[in-house]
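**Q**
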Amino acid sequence: MTRATATPTESVAPEDLASGPSSRAPPRSSPPPPRASTAGRTSWWPGSRACPSTLPASAPRPPAPRPRAAQAAPLPSEGERRQAAFEECLAFELLAQEAARRGLGTAPEVAEARTRAAVSALVEQEVERKIQTPADLPDSLTRRLLERNRWRLHRVEYRASFFVRFPVAKGEPREGPADRAARANAERVAQALAGERGLFAHHVRQRARELIGAATMEDGTVELSDPPRLVPAYSDALFALPELGRTSGAVRTDWGWDIILWTGVLPARDITPDELALELFPELRQMYFVAWSRSIGKSTKVEVFPEAFDRALGMTAPAKEPR
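Quick note: the sequence shown uses this note's numbering, first residue 4, plus one each step.
1) What are the start and end residues of the beta strand (DSSP E) that includes GLU129?
2) Looking only at its own chain, which residues have a Cβ that is under 6 Å from the Cβ of VAL192, when we skip the five neighbours before and after it?
3) Do you know how far the Cα of PRO77 is from the Cα of PRO34?
4) Helix, strand or coil for THR275? Go by DSSP, reduced to three states.
5) Between PHE308, GLU129, ALA110, which lies nearest to SER298 when the distance is taken from Cα to Cα?
6) Looking only at C-alpha atoms, which of LEU148, LEU149, GLU83, ALA240 sits nearest to HIS163?
7) Less than 8 Å between the CB atoms is what I'm expecting for PHE165 and THR256, so what's the real figure, rounded?
8) Buried or exposed: where does PRO137 fall if 16 or more other Cβ atoms within 10 Å of its Cβ makes it buried?
9) With a threshold of 7 Å, establish whether the CB of ALA110 neighbours any heavy atom of the ligand SAH.
10) Give every residue of the same chain whose Cβ lies closer than 8 Å to the Cβ of GLY223, excluding the five residues on either side of it in the sequence, and list them in chain order.
11) Do you know how far the Cα of LEU148 is from the Cα of LEU98?
12) Less than 8 Å separating the beta-carbons of THR250 and LEU227?
13) Excluding sequence positions up to five away, which residues of its chain have a Cβ less than 7 Å from the Cβ of ILE134?
14) Taking C-beta to C-beta, are ALA236 and GLU160 nearer than 8 Å?
15) Give the DSSP-derived three-state secondary structure of SER251 in the structure shown.
16) In angstroms, rounded to a whole number, what distance separates the CA positions of PRO180 and ALA217?
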C-alpha cells in the first residue's frame with residue numbers, strides 16, 4: 004500500500020483526521036450517515052491491498068449527524084464507503100510512522116507483542132488449521148487415548164446418594180430391642196418424607212433431627228456408583244427410586260436402618276468409538292500440541308540463563324554456597 008508521509012509543507016493535524024476529508028475532496032450535499040464500527044474488520048479502497056482497521060478506540064472519529072425526524076438515514080454510497088476506508092487507512096499509516104519516529108517500535112512491550120503474535124500465527128497454521136477433526140490426528144495417538152477410555156463406550160447408570168442412618172451395633176441380633184428401636188425411628192422419618200419431591204440432603208437431615216434428634220442418628224454421602232459397588236440392600240433401594248430428590252423407605256443395611264435420598268446421576272449410554280473420539284477431541288488435540296511442540300524443542304539447542312530469567316520475573320537468584 005502507498006505510504007502516506009506528512010511533509011513540512013503539508014502537515015496533517017489531528018483535527019483534520021477527525022473532520023473527515025480535506026477541503027480538496029468533492030463537496031457533499033449532506034454529511035455522511037453514521038457507519039458501523041470497523042474495528043477488527045478489514046477495510047478496502049480502490050487500488051490498494053487490505054488495510055486493517057485497527058485505530059485505537061481513543062482515536063478521533065467523524066461526528067455522527069443527528070437523524071432527521073420521521074425519516075430513516077440514507078445508506079452511504081459506495082464512493083462514501085471507499086473514501087471513509089481510505090481516510091482510516093491514512094490515519095493508521097500516519098500514526099504508525101509517528102510511533103516509529105518516536106522509537107516506540109523497539110519498546111519491550113512491542114517486541115513481546117510481536118513475539119506472541121508470531122507464536123500464535125505458527126500454532127494457528129500448524130495445529131488449529133490442520134487438526135480440525137479426530138481423523139486429522141495420528142492413528143497411534145487416537146488409539147492410545149481410546150484404549151484408556153474404552154470404559155466410556157458402554158456404561159451402566161451411576162447414581163449418587165445421601166443417607167440418614169439409625170445405627171445398630173455390630174453383633175446385635177436382628178429383631179432385638181436395639182434393632183427394633185432403630186427401625187421405628189427410621190420408619191418414622193421415612194413416613195414423614197414419603198411423597199415429597201425435590202429434596203436435598205439438608206432437608207432430609209433437618210427433618211430427621213426434628214423428629215428423632217441428632218444423638219441417635221448419623222448421615223453420609225455416597226459418590227456416583229454403579230450397583231455392584233454398593234451393598235445389595237442399599238443398591239436395590241437406591242436404584243428403585245423413580246426420580247432425583249426422592250427418598251426411600253426404611254432400609255436395613257449392614258450398619259443399621261437407612262433412609263436413602265437420590266442426589267445425582269450419570270446416565271447409562273452406549274456409543275461408538277468414533278463418537279467417543281469426537282468427545283475426546285479437545286484432549287486429543289492438546290496431546291498432539293504437546294508432542295508437536297516437544298518435537299520442535301528436540302531439534303533446537305536450548306540454553307537457559309538463570310540470571311536473566313530471574314530478572315524477567317523480578318526475582319533474586321539464590322546466593323551460591325561457598326565452596
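The beta carbon of each residue, even a glycine, is placed where N, CA and C say it ideally should be.
**A** The answer reads as follows:
1) Numbered from 1 along the sequence shown, position 126 holds the residue referred to as residue 129. Going by DSSP, GLU129 is part of no beta strand (DSSP E) at all; its letter is neither H nor E.
2) Looking up residue 192 in the sequence shown gives position 189. Contacts found: ALA211, LEU214, ILE262.
3) Position 31 of the sequence shown, counting from 1, holds the residue named residue 34. Position 74 of the sequence shown, counting from 1, holds the residue named residue 77. The predicted position of PRO34 is uncertain, since its pLDDT is 48 and thus under 50; a value taken from the coordinates is nonetheless stated next. Cα-Cα distance, rounded: 11 Å.
4) Counting from 1 along the sequence shown, the entry for residue 275 is found at position 272. THR275 falls in the coil class under three-state DSSP.
5) Here residue 298 refers to the residue found at position 295 when the sequence shown is read from its first residue. Closest option to SER298, Cα to Cα, is GLU129.
6) Start at 1 with the first residue of the sequence shown, and residue 163 comes out as number 160. The sequence shown places Ala at residue 163, rather than the His named in the question. Ranking the options by Cα distance to ALA163, first place goes to ALA240.
7) Within the sequence shown, the letter at position 162 stands for residue 165. Within the sequence shown, the letter at position 253 stands for residue 256. About 14 Å; that fails the 8 Å criterion.
8) Against the sequence shown, residue 137 aligns to sequence position 134. Flag for PRO137 reads buried.
9) With respect to small molecules bound, the structure shown includes none, and the ligand SAH cannot be examined in it.
10) Taking the sequence shown and counting its residues from 1, one reaches residue 223 at position 220. So the qualifying residues of the chain are PHE165, PHE166, ARG168.
11) Taking the first residue of the sequence shown as position 1, residue 98 is located at position 95. Taking the first residue of the sequence shown as position 1, residue 148 is located at position 145. Roughly 51 Å between the two C-alpha positions.
12) Taking the sequence shown and counting its residues from 1, the one referred to as residue 250 is at position 247. Taking the sequence shown and counting its residues from 1, the one referred to as residue 227 is at position 224. Going by C-beta atoms, THR250 is not nearer than 8 Å to LEU227.
13) By 1-based counting over the sequence shown, the position of residue 134 is 131. Closer than 7 Å at Cβ, skipping near neighbours: LEU140, ARG288, TYR291.
14) Locating residue 236 in the sequence shown gives position 233, where the first residue counts as 1. Locating residue 160 in the sequence shown gives position 157, where the first residue counts as 1. Not closer than 8 Å, so no.
15) Start at 1 with the first residue of the sequence shown, and residue 251 comes out as number 248. SER251 falls in the coil class under three-state DSSP.
16) Counting from 1 along the sequence shown, the entry for residue 180 is found at position 177. Counting from 1 along the sequence shown, the entry for residue 217 is found at position 214. Between PRO180 and ALA217, the C-alpha separation is close to 20 Å.
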